[in-house]
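In our numbering, the protein residues as written are 15 to 456.
This report concerns only the one structure given below.
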Amino acid sequence: MNKKKIIVVGGGFAGLEATKVLAEEPGVEVTLIDRNNYHTFQPLLYQVATSSLEPAEVCPTLRGVFQSADNVRVLMGEVSSVDPETSTVVLDEERLSYDYLIMAIGGRTTYFGKEDWRERSTGLKELHDALTIRARLLKSFEEAEREPDPEKRKEYLTTVIVGGGPTGVELAGALAELRTHVLKGQYQNFDPAQARIVLIEALPQLLNGFPDELGRYTKGVLEDLGVEVVTEQPVKELERSAVHTADKVYRARNIVWAAGVEGYPMAKELGADTTKKGTVKVCPDLRLSGRNNIFCTGDMAHFETENGKPLPGLAPVAMQQGAHAAQNILRLERGDLTEKFVYNDRGAMAVIGRTHAVANLFGKKPLKGFVAWVAWLFIHLLFLVGYRNKAVVLVRWLWSYIGWRNGARVLNTLYLKNDPLTEHADVDKAVEKELVGSGGRG
Ligand SMILES: Cc1cc2nc3c(=O)[nH]c(=O)nc-3n(C[C@H](O)[C@H](O)[C@H](O)COP(=O)(O)OP(=O)(O)OC[C@H]3O[C@@H](n4cnc5c(N)ncnc54)[C@H](O)[C@@H]3O)c2cc1C
15 MNKKKIIVVG
25 GGFAGLEATK
35 VLAEEPGVEV
45 TLIDRNNYHT
55 FQPLLYQVAT
65 SSLEPAEVCP
75 TLRGVFQSAD
85 NVRVLMGEVS
95 SVDPETSTVV
105 LDEERLSYDY
115 LIMAIGGRTT
125 YFGKEDWRER
135 STGLKELHDA
145 LTIRARLLKS
155 FEEAEREPDP
165 EKRKEYLTTV
175 IVGGGPTGVE
185 LAGALAELRT
195 HVLKGQYQNF
205 DPAQARIVLI
215 EALPQLLNGF
225 PDELGRYTKG
235 VLEDLGVEVV
245 TEQPVKELER
255 SAVHTADKVY
265 RARNIVWAAG
275 VEGYPMAKEL
285 GADTTKKGTV
295 KVCPDLRLSG
305 RNNIFCTGDM
315 AHFETENGKP
325 LPGLAPVAMQ
335 QGAHAAQNIL
345 RLERGDLTEK
355 FVYNDRGAMA
365 VIGRTHAVAN
375 LFGKKPLKGF
385 VAWVAWLFIH
395 LLFLVGYRNK
405 AVVLVRWLWS
415 YIGWRNGARV
425 LNTLYLKNDP
435 LTEHADVDKA
445 VEKELVGSGG
455 RG
């Protein structure tokens, strides 16, 4: 009997869960394609950016995850297009045909139409972004150590984070603690505690979508940590080393853009309706309208609940949708009807520094402070992929909790190649050649 061919594009939260469900069904053949050879646990990227965790601890390889699944083939490559008419996906020069397709390519950082801002700041969406932020931060501290002019030094020591959602809040809190505690006493020309961290949010409150009480609490904790929190100030202009709001200009060598996610342009090619954000509108069973064998899941999908509200871009939404799309394929194969997707909402959380967090757990009183932090810690360990990673991350967290020691802050200049934001970003030519030869991005 010919086995049905299922292609899953994207090994993020949605693609991984879909493939796990299908891996249990020997009657189907699965091809999982990702442009990286690893899964990215995005919720902990900010800890890679601030040197608390190392890449392998949050990015298990896809081959490793599926090493014992005989019916799963993992391919590394970037899918450039999908042709629903011929049921094929294009991977480099190759065309791969499918009986069913699960699209799970996530989204990319949005600059709200200001495309030239993309190269003037760093997003925080991929491992490469986290390592670039890390390299820029460490490099600018090195520059500050050599810089005699106090005004210029200030610029090197300033980080502006745009976007007061969970990503911006978590990064700001971790940076504040890095400069005050971890880097303490390591420089002679300046005190790292003087480094300035500014968090800019366009809305009146941080953590939009959480109860106001938690937004206010978060602002208070960040301010206690020494973060300048600026609300109700949309960014008007972004230069390579300056952020302009209506009121002020913030000069900074490190600018992180954490203000939202949009769909990849490829999502539009699927022939389905898309939203202004470029996400793909899906039917209640996660299929595309008029396409019986294509499912769209996770951040790239726009799914409206019965009250007309779209689901947020969260890991649990993506995981549940990935698993549901796979189960619907298996239902169709058994000759059954597909089922509607219903999100099991358990809430959302964000961590602020080492011992504070906020949690809006569904149906429960909002949690804040140490209790929420402990809940955050256990939930993240639970969802982290692989037992080894869970153990290593737990040990690292305990170590840093006890002694304010975090990872080896090794500055990898590969991530500063041609970086316009650092003055002495002089990457060794041989290393540069090696990077180009090996295909670029790490
Ligand atoms: C910094 C950060 C922190 C976050 N923190 C939280 C949190 O604390 N809690 C929470 O619930 N959510 C959090 N989120 C949101 C959550 O990570 C996303 O909702 C989730 O990752 C979406 O899963 P996905 O599978 O749809 O997409 P992704 O996880 O983004 O995966 C998409 C995959 O597709 C691959 N891909 C993309 N294009 C192609 C292509 N053309 N060809 C081949 N492969 C491709 C990518 O390499 C990637 O592996 C956070 C997000 C970020 C960025």
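For every residue, glycine included, the Cβ atom is placed at its ideal position computed from N, Cα and C.
The structure presented is a predicted model; accordingly, all values stated were derived computationally and were not measured.
- Proximity of the beta carbon of Y278 to ligand 1 is indicated: a heavy atom of the ligand is located closer than 7 Å.
- Following the DSSP letters along the chain, one finds K166 inside the alpha helix (DSSP H) bounded by residues 164 to 170.
- Going by C-alpha positions, S255 is about 44 Å away from L110.
- The beta carbon of V257 is closer than 7 Å to those of V174, V176, I214, V249, Y264, A266, I269 in its chain, skipping five residues each way along the sequence.
- Where Y231 is concerned, the enclosing alpha helix (DSSP H) starts and stops at 226 to 238.
- For T136, the CB contacts under 6 Å within the same chain, skipping 5 residues up- and downstream, are D143, T146, I147, V270 in chain order.
- DSSP, read as helix, strand or coil, puts V263 in strand.
- With contacts defined as CB atoms closer than 8 Å, V44 and R87 qualify as a contacting pair.
- Taking a C-beta distance under 8 Å as the contact criterion, L67 and V388 do not qualify as a contact pair.
- With contact defined as three or more Cβ pairs closer than 8 Å, the segment 323 to 337 and the segment 23 to 41 are in contact.
- Judged by DSSP in its simplified three-state form, A118 adopts coil rather than helix or strand.
- The Cβ atoms of I366 and V243 lie no closer than 8 Å to each other.
- DSSP, reduced to helix, strand and coil, places S65 outside both helices and strands of the structure shown, so it counts as coil.
- With fewer than 16 neighbouring CB atoms inside 10 Å of its own CB, E227 falls in the exposed class.
- When rounded, the separation of the alpha-carbon atoms in L89 and I116 is 15 Å.
- Looking only at E31, T232, V356, V294, the smallest Cα-Cα distance to L381 is reached by T232.
- The criterion of a C-beta distance shorter than 8 Å is not satisfied by D113 and N374.
- DSSP places K19 in the uninterrupted beta strand (DSSP E) bounded by 18 to 23.
- Each residue's CA atom was taken as its position, placing E156 and T102 some 50 Å apart.
- In the assembly as shown, Q61 is a buried residue. Its beta-carbon has 16 or more other beta-carbons within 10 Å.
- About 27 Å separates the Cβ atoms of P298 and F224, ruling out a contact at the 8 Å cut-off.
- Of the heavy atoms belonging to ligand 1, at least one sits nearer than 7 Å to the Cβ of F27.
- By the Cβ criterion, the segment 31 to 38 is in contact with the segment 72 to 85, since at least three pairs of Cβ atoms, one from each stretch, lie closer than 8 Å.
- Remark: the shortest separation between the CB of E71 and any heavy atom of ligand 1 does not fall under 7 Å.
- Checking the 7 Å criterion, the Cβ of M117 is out of range of every heavy atom belonging to ligand 1.
- A distance of 8 Å or more separates the beta carbons of G336 and G121.
- In this structure, DSSP gives K354 a state outside helix and strand, which the three-state scheme calls coil.
- Distance from the CA atom of E320 to the CA atom of D313, rounded to whole angstroms, is 19 Å.
- Taking C-beta atoms as the reference points, A371 and A362 fail to come closer than 8 Å.
- The residue among G274, F317, T245 with its C-alpha nearest the C-alpha of D261 is T245.
- When the beta-carbon positions are compared, R368 and Y415 come within less than 8 Å of each other.
- In this chain, the alpha helix (DSSP H) harbouring L189 covers 180 to 191.
- A contact is defined here as three or more CB-CB pairs under 8 Å, and the segment 160 to 171 meets this definition with respect to the segment 196 to 207.
- Taking C-alpha positions only, A158 is separated from T181 by approximately 26 Å.
- The Cβ neighbour count for R77, taken over all protein chains shown within 10 Å, is under 16; the residue is labelled exposed.
- Between the alpha carbons of G229 and E108 lies a gap of roughly 49 Å.
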